[in-house]
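**Student:** Sending over a structure as structure tokens; questions will come in a sec.
In the numbering used here, the protein residues as written are 173 to 361.
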């Protein structure tokens with residue numbers, strides 16, 4: 173039987189160590205960037221996915237009716253809940269998408285290591301570092317110095333003054349994400 177699908181004790185130890193190193197390297201980058209899912213989280217996700225994958229292979233090889241692909245699918249599903257917990261939506265923006273994607277990626281790298289696909293896992297980890305660090309600088313340049321401002325305007329009459337404000341907003345280069353108008357007597361309720 174293929175060694176990748178029926179790992180020996182030494183191969184299991186090597187897979188766990190490779191998973192640890194990949195989790196440490198990517199986790200360190202996230203920790204330096206002060207992200208919610210930093211060093212320990214990345215390491216634990218990567219090692220956890222590796223353990224689940226190795227266990228599913230071992231059970232499958234022992235004649236137990238187990239399908240390793242189902243374990244992989246459950247890893248993806250379970251990690252989705254962790255990732256969703258890192259996404260924060262406010263009125264003006266969404267934060268945590270990259271952190272959620274990194275959590276998802278860490279699980280995939282751990283799964284690849286658990287299968288013995290070291291080239292896939294290490295290559296994916298290196299690509300992730302390129303996306304997370306150098307591309308962050310490129311993204312900032314492309315976005316420019318984009319800022320978000322919230323304005324509150326109180327008018328005694330909504331007619332012509334509100335129309336002038338609307339025209340000014342439409343002709344400005346800024347993006348208007350939300351605009352609400354209500355009567356002052358409604359605002360006091």
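Note that CB positions come from ideal geometry on N, CA and C, so glycine has one too.
Round the Cβ separation of residue 187 and residue 199 to the nearest angstrom and send it over; I've been treating them as touching at under 8 Å.
**Tutor:** With a Cβ gap of about 18 Å, residue 187 and residue 199 do not count as contacting.
**Student:** Going by DSSP, what residues sit across from residue 261 in a beta bridge?
**Tutor:** 266
**Student:** How many angstroms separate the CA atom of residue 158 from the CA atom of residue 262?
**Tutor:** What is shown of the chain runs 173 to 361, which leaves residue 158 out entirely.
**Student:** Taking only the alpha-carbon atoms, compute the straight-line gap between residue 347 and residue 265 and give it to the nearest angstrom.
**Tutor:** 13 Å
**Student:** Does DSSP classify residue 313 as helix, strand or coil?
**Tutor:** helix
**Student:** Per DSSP, what kind of secondary structure is residue 325 in: helix, strand or coil?
**Tutor:** coil
**Student:** Just mark residue 313 as buried or exposed, buried being the case when its beta carbon has 16 or more other beta carbons within 10 Å.
**Tutor:** exposed
**Student:** So, are the CB atoms of residue 286 and residue 226 less than 7 Å apart?
**Tutor:** yes
**Student:** Which of helix, strand or coil does DSSP assign to residue 205?
**Tutor:** Reduced to three states, the DSSP call for residue 205 is coil.
**Student:** Thinking just about the alpha-carbon of each residue, which of 218, 316 and 244 is nearest to the one in residue 154?
**Tutor:** The requested residue 154 does not occur in the structure, where the chain is confined to residues 173 to 361.
**Student:** If you draw a straight line from the C-alpha of residue 258 to the C-alpha of residue 332, how long is it?
**Tutor:** 44 Å
**Student:** Should residue 220 be labelled buried (16 or more other beta-carbon atoms within 10 Å of its own) or exposed?
**Tutor:** buried
**Student:** Rounded C-beta distance between residue 255 and residue 275? I'm assuming under 8 Å.
**Tutor:** 5 Å
**Student:** Among the candidates 300, 342 and 293, whose CA atom is the shortest distance from the CA of residue 282?
**Tutor:** 293
**Student:** Measuring only the C-alpha atoms, how far is residue 173 from residue 182?
**Tutor:** Note that residue 173 scores 43 on pLDDT, short of 50, meaning its location in the model is unreliable; the coordinates nonetheless yield the value given after this. The straight-line gap from Cα to Cα measures roughly 16 Å.
**Student:** Buried or exposed: residue 202, going by 16 or more other Cβ atoms within 10 Å of its Cβ?
**Tutor:** buried
**Student:** Would you say residue 251 and residue 273 are within 7 Å of each other, going by their C-beta atoms?
**Tutor:** No.
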